[in-house]
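**Student:** Everything in the first sequence is counted per numbering that gives the first Met the number 0, starting at 0 for the first residue and increasing by one. Below is one structure. I have some questions about it.
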Amino acid sequence: MIDIKLIRENPDIVFQAMAKRGESLASIDEVIELDNMHRQLLREAESLRAKRNDVSKQISKMKEKPADLITEMRCVGDKIREIESEVDQIAAKLEDKLLRLPNLPAPDVPQGKDSSDNVEVRSWGKPLEFSFTPLPHWDLGEKLGIIDFKRGVKLSGTRFYVLRGMGSLLQRSLISLMLDIHVKEHGYTEIYPPFMVKRECLVGSGNLPKFADNLYHDAEEDYWFVPTAEVPLTNLHRDEIIAPGTLPINYVAHTACFRREKMAAGKDTRGIKRGHQFDKVELYKFAEPETSDNELSKLVKDAEDICRKLNIPYRVIQLCTGDMGFAATKTFDIEMWAPGCQEWLEVSSCSNCSDFQARRANIRYRPDVESKPLLVHTLNGSGLALPRVLIAILENYQQQDGSIRIPEALIPYMNVDLIK
RNA sequence: GGAGGGGUGACCGAGUGGACGAUGGUGACGGUCUUGAAAACCGUUUUAGCUUUUUGCUAACGCGGGUUCGAAUCCCGCCCCCUCCGCCA
0 MIDIKLIREN PDIVFQAMAK RGESLASIDE VIELDNMHRQ LLREAESLRA KRNDVSKQIS
60 KMKEKPADLI TEMRCVGDKI REIESEVDQI AAKLEDKLLR LPNLPAPDVP QGKDSSDNVE
120 VRSWGKPLEF SFTPLPHWDL GEKLGIIDFK RGVKLSGTRF YVLRGMGSLL QRSLISLMLD
180 IHVKEHGYTE IYPPFMVKRE CLVGSGNLPK FADNLYHDAE EDYWFVPTAE VPLTNLHRDE
240 IIAPGTLPIN YVAHTACFRR EKMAAGKDTR GIKRGHQFDK VELYKFAEPE TSDNELSKLV
300 KDAEDICRKL NIPYRVIQLC TGDMGFAATK TFDIEMWAPG CQEWLEVSSC SNCSDFQARR
360 ANIRYRPDVE SKPLLVHTLN GSGLALPRVL IAILENYQQQ DGSIRIPEAL IPYMNVDLIK
């Protein structure tokens with residue numbers, strides 16, 4: 000959520016920022032109008048309440064309670080209730096509009112309208128030269144008997160698959176490797192959160208109310224399946240004031256992620272690139288506003304480190320204003336090269352959400368004991384997304400005979416050096 | 001799922017219709033005293049909104065409704081925690 004005060008006092012800044020994102024500007028005008036109405040009604044209600052409090056005090060001091068005064072106050076009470084219900088309605092509308100406005104892009108984010116305007120920041124490693132035509136992972140996985148697409152569909156339908164034997168071990172080993180590196184070398188604290196959370200958690204992270212159609216939901220209990228560990232991690236400190244000297248806080252969590260992928264219907268239907276359920280190791284930071292930009296750089300480096308340890312070529316892309324996610328003020332994607340399906344795979348997306356989620360989830364900190372609580376900055380990034388790393392390993396490490404070499408760093412976890 | 005008990009400020013805990021945003025204690029911070037520390041004593045210690053120069057006003061006692069001129073306090077619904085029983089991994 001962006002600060003209503005900013006919209007109220009510097010609407011031009013907000014208009015310009017939203018224009019950069021390619022957002023419609025009409026809703027900002029609506030916000031301003033609702034805000035004015037809201038405050039005016041609030042003033043009316045509050046002055047009536049002040050009157051009632053005052054008179055009630057007087058009545059409490061009187062021995063004889065005058066009937067006409069009580070009648071008058073009864074009317075005032077009715078009037079207050081009337082205005083309050085109006086206030087509530089307007090406040091709810093205002094809240095909803097505000098919750099649907101995306102974050103403001105940082106000033107140094109390249110301007111653009113879609114992914115074609117994104118900017119490559121750096122790259123590492125060179126795409127391998129093959130002496131044969133490298134196969135896509137769906138062929139490799141099926142031939143090796145480590146990915147079972149047919150049975151995935153039998154169990155759960157399209158966009159589901161089963162990992163089997165070495166495929167399953169490979170994923171499990173990758174998860175352990177990533178967690179170990181982030182905990183032991185990068186200083187993150189490992190978290191195991193719930194995979195189903197309450198509605199307000201999704202509002203806090205920015206997924207609701209706007210993106211309900213990408214979420215799985217148990218209507219009976221009002222549980223929501225997490226589309227990413229970012230959701231529970233954001234809400235770990237919801238409604239808290241973080242003590243002085245505690246920031247930055249670094250968390251890493253491995254969870255399953257559940258997404259309906261309605262927006263992407265018909266896209267990436269082949270292979271394991273985009274499923275309704277996938278595993279991900281997520282990095283998350285709570286930081287002071289002054290350091291969040293620097294923390295984002297560190298977060299990206301921490302995610303990149305996994306790519307390097309797996310020795311897979313990658314590039315880092317900065318997203319332009321038009322391609323950034325809803326909550327982000329600045330985003331870097333990491334993409335691994337997949338020689339079989341001949342594309343760059345997004346294995347990580349690292350964002351600084353500034354105070355956008357903190358305001359929604361009411362997450363604050365005290366810079367020192369005496370100071371007032373301020374909103375923290377939150378940052379998130381994959382470290383990394385499992386299915387796509389699996390793809391990259393299968394396709395980059397494939398041999399002419401269809402076997403897969405195991406990256407050096409994974410051998411201690413798998414206890415084999417080849418899948419065949 | 002059933003029965004009983006409970007939810008008040010950073011924490012403990014008082015308060016059963018009127019000056020209670022809330023007694024008291026603990027902790028924290030500042031001061032007096034002290035060479036320094038402890039002890040003792042004095043003081044300060046919630047958040048948000050509105051208004052803003054100050055003063056000020058409003059709201060919040062798990063959450064949401066209701067009764068009342070007036071609710072932490074009475075009534076209704078819900079949530080959470082604890083104990084016992086049942087069930088389960």
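For every residue, glycine included, the Cβ atom is placed at its ideal position computed from N, Cα and C. The structure displayed is predicted, hence computed values, not measured ones.
I need the boundaries of the alpha helix (DSSP H) containing residue 395, first residue and last residue.
**Tutor:** As a first step, residue 395 must be located in the first sequence, where it is residue number 396. Where residue 395 is concerned, the enclosing alpha helix (DSSP H) stretches over 385 to 395.
**Student:** Around the Cβ of residue 157, are there at least 16 other Cβ atoms within 10 angstroms (buried) or fewer (exposed)?
**Tutor:** To locate residue 157, count along the first sequence from 1; it is residue 158. Per the 10 Å Cβ criterion, exposed.
**Student:** Suppose you measure from the CA of residue 258 to the CA of residue 280; what does that come to, to the nearest Å?
**Tutor:** The residue you call residue 258 lines up with position 259 of the first sequence. The residue you call residue 280 lines up with position 281 of the first sequence. Roughly 16 Å between the two C-alpha positions.
**Student:** Nearest-angstrom Cα distance between residue 77 and residue 215?
**Tutor:** Position 78 of the first sequence holds residue 77. Position 216 of the first sequence holds residue 215. Computed Cα separation, rounded: 43 Å.
**Student:** Spatial neighbours of residue 437 within its chain, please: C-beta separation below 8 Å, excluding the five flanking residues on both sides.
**Tutor:** An answer regarding residue 437 cannot be provided, because it is not within the stretch 0 to 419 covered by the chain.
**Student:** How about the region 58 to 70 and the region 119 to 129: do they share at least three Cβ pairs that are nearer than 8 Å?
**Tutor:** Output reads no: the region 119 to 129 does not touch the region 58 to 70.
**Student:** Which class does residue 281 belong to by DSSP, given the choice of helix, strand or coil?
**Tutor:** Counting from 1 along the first sequence, the entry for residue 281 is found at position 282. Three-state result, residue 281: strand.
**Student:** Residue range of the alpha helix (DSSP H) that residue 29 falls in?
**Tutor:** Indexing the first sequence from 1 puts residue 29 at position 30. That run of the alpha helix (DSSP H) goes 25 to 60.
**Student:** Per the contact definition of three or more C-beta pairs closer than 8 Å, is the region 349 to 366 in contact with the region 232 to 241?
**Tutor:** The region 232 to 241 is in contact with the region 349 to 366.
**Student:** Would you kindly work out how many angstroms separate the C-alpha atoms of residue 263 and residue 322, rounded to a whole number?
**Tutor:** Taking the first sequence and counting its residues from 1, one reaches residue 263 at position 264. Taking the first sequence and counting its residues from 1, one reaches residue 322 at position 323. Each residue's Cα considered, the two are about 15 Å apart.
**Student:** Check each candidate in 8, 313 and 101 and name the one with the smallest Cα separation from residue 24.
**Tutor:** Along the first sequence, read from residue 1 onward, the residue named residue 24 stands at position 25. Comparing Cα-Cα distances from residue 24 to each of 8, 313 and 101, the minimum goes to 101.
**Student:** On the DSSP bridge assignment, give the partners of residue 380 in chain order.
**Tutor:** Within the first sequence, the letter at position 381 stands for residue 380. Note: residue 380 sits in a beta bridge opposite 282.
**Student:** Quick check for students: name the residue ranges of the alpha helix (DSSP H) that lie wholly in the region 158 to 214, counting only runs of 4 or more.
**Tutor:** You should have 165 to 179 and 198 to 204.
**Student:** Would you mind listing the beta strand (DSSP E) stretches within the region 302 to 351 that are 3+ residues and don't spill past its ends, in chain order?
**Tutor:** Complete beta strand (DSSP E) runs here, min 3: 313 to 317, 329 to 337 and 342 to 351.
**Student:** Going along the chain, which unbroken runs of the beta strand (DSSP E) with 3 or more residues stay wholly within the region 102 to 157?
**Tutor:** Counting only runs of 3 or more, we get 118 to 123.
**Student:** Terminal residues of the continuous alpha helix (DSSP H) containing residue 359?
**Tutor:** Start at 1 with the first residue of the first sequence, and residue 359 comes out as number 360. It spans 355 to 360 - the alpha helix (DSSP H) in which residue 359 sits, taken as one unbroken run.
**Student:** How about residue 242 and residue 387: are their beta carbons less than 8 Å apart?
**Tutor:** Taking the first sequence and counting its residues from 1, one reaches residue 242 at position 243. Taking the first sequence and counting its residues from 1, one reaches residue 387 at position 388. It is not a contact, given that the beta carbons lie outside the stated cut-off.
**Student:** According to the neighbour-count rule (16 or more other Cβ atoms, all chains shown, within 10 Å of its Cβ), is residue 430 buried or exposed?
**Tutor:** Residue 430 is absent from the structure shown; the chain starts at 0 and stops at 419.
**Student:** Between 96, 97, 48 and 91, which has its C-alpha nearest residue 75's C-alpha?
**Tutor:** Along the first sequence, one-based indexing puts residue 75 at 76. Among 96, 97, 48 and 91, the Cα nearest to that of residue 75 belongs to 48.
**Student:** Is the separation between the beta-carbon of residue 382 and that of residue 195 shorter than 8 Å?
**Tutor:** One-based indexing of the first sequence puts residue 382 at position 383. One-based indexing of the first sequence puts residue 195 at position 196. Against a cut-off of 8 Å, the Cβ pair of residue 195 and residue 382 comes out as no contact.
**Student:** Kindly indicate which residue of 65, 41, 164 and 226 has the alpha-carbon position closest to the one of residue 278.
**Tutor:** Sequence index remark: in the first sequence, residue 278 carries index 279 (1-based). The shortest Cα separation from residue 278 among 65, 41, 164 and 226 belongs to 226.
**Student:** With distance defined between alpha-carbon atoms, name the residue in 120, 44, 55 and 119 nearest to residue 83.
**Tutor:** For the purposes of this step, residue 83 is taken as residue 84 along the first sequence, with counting starting at 1. Closest option to residue 83, Cα to Cα, is 44.
**Student:** Would residue 40 and residue 86 be called neighbours here (beta carbons separated by less than 8 Å)?
**Tutor:** Translated into positions along the first sequence, residue 40 becomes position 41. Translated into positions along the first sequence, residue 86 becomes position 87. Contact flag set, yes.
**Student:** Only counting the same chain, and skipping five residues up and downstream in sequence, which positions put a Cβ closer than 7 Å to that of residue 0?
**Tutor:** As a position in the first sequence, residue 0 is number 1, starting the count at 1. So the list reads 97, 98, 355, 358 and 359, once near-sequence residues are dropped.
**Student:** Buried or exposed: where does residue 334 fall if 16 or more other Cβ atoms within 10 Å of its Cβ makes it buried?
**Tutor:** Position 335 of the first sequence holds residue 334. Buried, since its Cβ has 16 or more Cβ neighbours within 10 Å.
**Student:** Among 12, 396 and 245, which has the Cα closest to the Cα of residue 309?
**Tutor:** Here residue 309 corresponds to residue number 310 of the first sequence, with the count starting at 1. Residue 396 is the option with its Cα nearest to residue 309.
**Student:** For the region 229 to 271, list the beta strand (DSSP E) runs that are entirely contained and at least 3 residues long, ordered along the chain.
**Tutor:** Whole beta strand (DSSP E) segments, 3+ residues: 239 to 241 and 248 to 257.
**Student:** On the three-state DSSP scale, how would you describe residue 409?
**Tutor:** Residue mapping note: residue 409 aligns to position 410 of the first sequence, counting from 1. Here residue 409 sits in helix by DSSP.
**Student:** Where does residue 58 land, buried or exposed, given buried means 16+ other C-beta within 10 angstroms?
**Tutor:** The count along the first sequence starts at 1 and reaches residue 58 at position 59. Label assigned to residue 58: exposed.
**Student:** According to the Cβ coordinates, are residue 324 and residue 296 closer than 8 Å?
**Tutor:** On the first sequence, position 325 is the one that residue 324 refers to. On the first sequence, position 297 is the one that residue 296 refers to. No.
**Student:** Tell me residue 363's beta-bridge partners as DSSP assigns them.
**Tutor:** Within the first sequence, numbered from 1, the residue matching residue 363 stands at position 364. Answer is 240 and 374, bridged to residue 363.
**Student:** In this structure, does DSSP put residue 217 in helix, strand or coil?
**Tutor:** Translated into the one-based positions of the first sequence, residue 217 becomes position 218. Residue 217 falls in the strand class under three-state DSSP.
**Student:** Between which two residues does the alpha helix (DSSP H) containing residue 22 stretch?
**Tutor:** In the first sequence, residue 22 corresponds to position 23, counting from 1. Taken as a continuous stretch (DSSP letters only), residue 22 belongs to no alpha helix (DSSP H), as it is neither H nor E.
**Student:** Return the Cβ separation of residue 266 and residue 212 in integer angstroms, given the expectation that the two are a contact with Cβ distance under 8 Å.
**Tutor:** For the purposes of this step, residue 266 is taken as residue 267 along the first sequence, with counting starting at 1. For the purposes of this step, residue 212 is taken as residue 213 along the first sequence, with counting starting at 1. The Cβ separation is near 15 Å, so there is no contact.
**Student:** When DSSP builds the beta bridges, which residues end up paired with residue 69?
**Tutor:** On the first sequence, residue 69 is found 70 positions in, with the first residue counted as 1. Per DSSP, none; premise fails for residue 69.
**Student:** In three-state terms, what does DSSP make of residue 417?
**Tutor:** Residue numbering aside, residue 417 sits at position 418 when the first sequence is read from its first letter. Strand.
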